[in-house]
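Accompanying notes for the structure given below.
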Ligand code: HEM
Ligand code: FES
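Residue numbers (the working numbering), protein chains in the order written: chain W, 1 to 248; chain R, 1001 to 1228.
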């Protein structure tokens, strides 16, 4: 027999950007702990739809923790209480039976709310468009071992590249800063030979794009690192700071 | 159930108005904070050594103070440097704090903390307390004419003043315990292997410094013959 639990979901409902929002309570009834929280929201939405009510809007896509589409605050924590986990990978077994579960959208000046739990995270795309790429012409695919890269550099670049752009760093930061996101990309490309030609321009452009979008400044609170489902290290942020200061 | 509240979407309007940016960028401003903070912290530690002379008695304290005044034109030069460092730190810190306050116009109704320390979140507040403290402390104890042990004893033996000193020093301890680690991260001087030790060292150094500073008003408060 599967274990069943009862939860009360307290979900932020807001019909649109310029309409007032408020919390609504939804009792789950008995539900299997093998369900994910998003699957429970699906169940609640089926009920709401059958009753002719508006279902809860939330973002999701892969539901296997790799795309970065999902994200909300669960009991005040980005992606919920389980560490190194996206919201879609949060299961009811990770929550306390009989408890109240408060679900709130990511909040930041740079993440305007669209509806309920859905916020507009395109500010992150605009930061990426400002310099998070390599545009040098590299010709056809060269022989893999032609460019020697030290293993530790490759490892760090790969770790930095694991960012899925979910925005949990911004959501959890007391200053709503996006610098771990920026730092991940800057650090990744600064570690690799392909990133060298545009190295200085990239970091200056990405930092000023983040500032323009209205993200806060990093105060080294370390909330981003703890909330990141991929556990991006703060060392990437430090490398970005170094890159920035030497680029100026 | 919560009261209906204004929509976060109103932040759209916030987006349209330019966000006030401190200096070149947030990253540059943070670097200014770190560099000026490091300079100020260095001064604080030197100041601490000077104060420690008071524990050796009145003669040692006066000898230290005379030595300081014997530096000649070096003293006003150091004072000017300190003033510039402090001005940079306070102005940049104020602008950054204002910028950060705008970055989440609608606060979370429920927010939990995973990693941030109390002292990191209290930086603007502890900084403000230090500023207030300096506004009282510097005019009271700055004596271009020469040192006076009586002045120190009389000032610090007043209970209200001693309490103010102790609270301010607690703020300084808190400010340093985050700042002494944070400045390395901000300036990009880090090696992951030394990150934990550095964090611990920052807390230990600030607790030690705070403790030695605090002993002075404590002694003056309970021991009438202190520095006599
Ligand atoms: C003896 C006096 C002081 C020392 C030694 C000191 C030292 C520091 C250090 C080392 C930092 C860390 C910088 C970083 O994160 O990279 C810092 C941050 C900060 N200080 Fe001070 N400080 C002092 C006085 C003040 C005063 C008077 C104020 C304001 C009125 C202030 C406001 C701040 C603020 C707001 C921050 C945080 C900046 C941020 O990370 O967003 N500090 N301080
Ligand atoms: S839905 Fe893809 S990461 Fe959660």
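For glycine and all other residues, C-beta sits at the position ideal for the given N, C-alpha and C.
{"Item": "Considering only the alpha carbon of each residue, which of R:1109, R:1180, R:1210 lies closest to residue 1196 (chain R)?", "Value": "R:1180"}
{"Item": "Report yes or no: do the stretch 205 to 221 of chain W and the stretch 164 to 179 of chain W share at least 3 C-beta pairs separated by less than 8 Å?", "Value": "yes"}
{"Item": "Report the CB separation of residue 214 (chain W) from residue 1103 (chain R) in whole angstroms; it is logged as a contact under 8 Å.", "Value": "6 Å"}
{"Item": "Any residue with its C-beta under 7 Å from a non-hydrogen atom of the ligand FES counts. Can you list them all in chain order?", "Value": "W:60, W:61, W:62, W:63, W:64, W:65, W:66, W:67, W:68, W:69, W:70, W:86, W:87, W:88, W:89, W:164, W:166"}
{"Item": "Could you tell me whether the Cβ atoms of residue 226 (chain W) and residue 1114 (chain R) are closer together than 8 Å?", "Value": "yes"}
{"Item": "Considering only the beta carbon of each residue, do residue 1206 (chain R) and residue 1168 (chain R) sit closer than 8 Å?", "Value": "no"}
{"Item": "For the beta strand (DSSP E) holding residue 12 (chain W), just list the boundary residues, first then last.", "Value": "8 to 13"}
{"Item": "Check the Cβ of residue 186 (chain W) against every Cβ in chain R and list those closer than 8 Å, keeping chain order.", "Value": "Going along chain R, no residue has its Cβ under 8 Å from residue 186 (chain W), so there is no contact; the nearest lies around 10 Å."}
{"Item": "With contact counted as at least three CB pairs below 8 Å, one residue from each stretch, are the stretch 1084 to 1094 of chain R and the stretch 1124 to 1141 of chain R in contact?", "Value": "yes"}
{"Item": "For residue 57 (chain W), tell me which candidate among W:98, W:124, W:136, W:13 has the shortest Cα-Cα distance.", "Value": "W:13"}
{"Item": "Around the C-beta of residue 229 (chain W), are 16 or more other C-beta atoms found within 10 angstroms, so that it is buried, or is it exposed?", "Value": "buried"}
{"Item": "Within this structure, are the beta carbons of residue 92 (chain W) and residue 147 (chain W) separated by less than 8 Å?", "Value": "no"}
{"Item": "Counting only beta-carbon atoms, is residue 1027 (chain R) nearer than 8 Å to chain W?", "Value": "yes"}
{"Item": "From the beta carbon of residue 206 (chain W), is the nearest beta carbon of chain C less than 8 Å away?", "Value": "Given the protein chain composition of this structure (W and R), no chain C is represented."}
{"Item": "By the 8 Å beta-carbon criterion, what residues does the stretch 168 to 200 of chain W contribute toward chain R?", "Value": "172, 174, 175, 176, 177, 179"}
{"Item": "List the residues of chain R whose Cβ lies closer than 9 Å to the Cβ of residue 64 (chain W), in chain order.", "Value": "Chain R residues near residue 64 (chain W): none, gap ~23 Å exceeds 9 Å."}
{"Item": "Could you confirm whether any beta carbon from chain W is found closer than 8 Å to the beta carbon of residue 1010 (chain R)?", "Value": "Since pLDDT at residue 1010 (chain R) reaches only 48, below the 50 mark, its modelled position is unreliable, and the value read off the structure follows with that caveat. Judged by the 8 Å Cβ criterion, residue 1010 (chain R) is in contact with chain W."}
{"Item": "Please indicate yes or no: does the CB of residue 102 (chain W) lie closer than 7 Å to some heavy atom of the ligand HEM?", "Value": "no"}
{"Item": "Could you tell me which chain W residues have their CB closer than 7 Å to the CB of residue 1188 (chain R), listed as they occur along the chain?", "Value": "238, 239, 241, 242, 245"}
{"Item": "Going by DSSP in three states, residue 153 (chain W) sits in which element: helix, strand or coil?", "Value": "helix"}
{"Item": "According to a CB-to-CB cut-off of less than 8 Å, which residues of the stretch 1079 to 1112 of chain R neighbour chain W?", "Value": "1096, 1099, 1100, 1102, 1103, 1104, 1105, 1106, 1107, 1108, 1109, 1110, 1111, 1112"}
{"Item": "Taking the beta strand (DSSP E) that residue 23 (chain W) belongs to, which residues open and close that run?", "Value": "22 to 27"}
{"Item": "Please confirm if residue 75 (chain W) has its CB atom under 8 Å from at least one CB of chain R.", "Value": "yes"}
{"Item": "Put residue 111 (chain W) into one of helix, strand or coil per three-state DSSP.", "Value": "strand"}
{"Item": "The beta strand (DSSP E) spanning residue 100 (chain W) covers which residue range?", "Value": "100 to 104"}
{"Item": "Give every residue of the same chain whose Cβ lies closer than 6 Å to the Cβ of residue 123 (chain W), excluding the five residues on either side of it in the sequence, and list them in chain order.", "Value": "110, 213"}
{"Item": "Would residue 1031 (chain R) count as contacting chain W if we go by Cβ distances under 8 Å?", "Value": "yes"}
{"Item": "Along the stretch 108 to 125 of chain W, what residues have a CB closer than 7 Å to any CB found in chain R?", "Value": "108, 109, 112, 113"}
{"Item": "With a cut-off of 8 Å, do at least 3 Cβ pairs link the stretch 230 to 239 of chain W to the stretch 156 to 163 of chain W?", "Value": "yes"}
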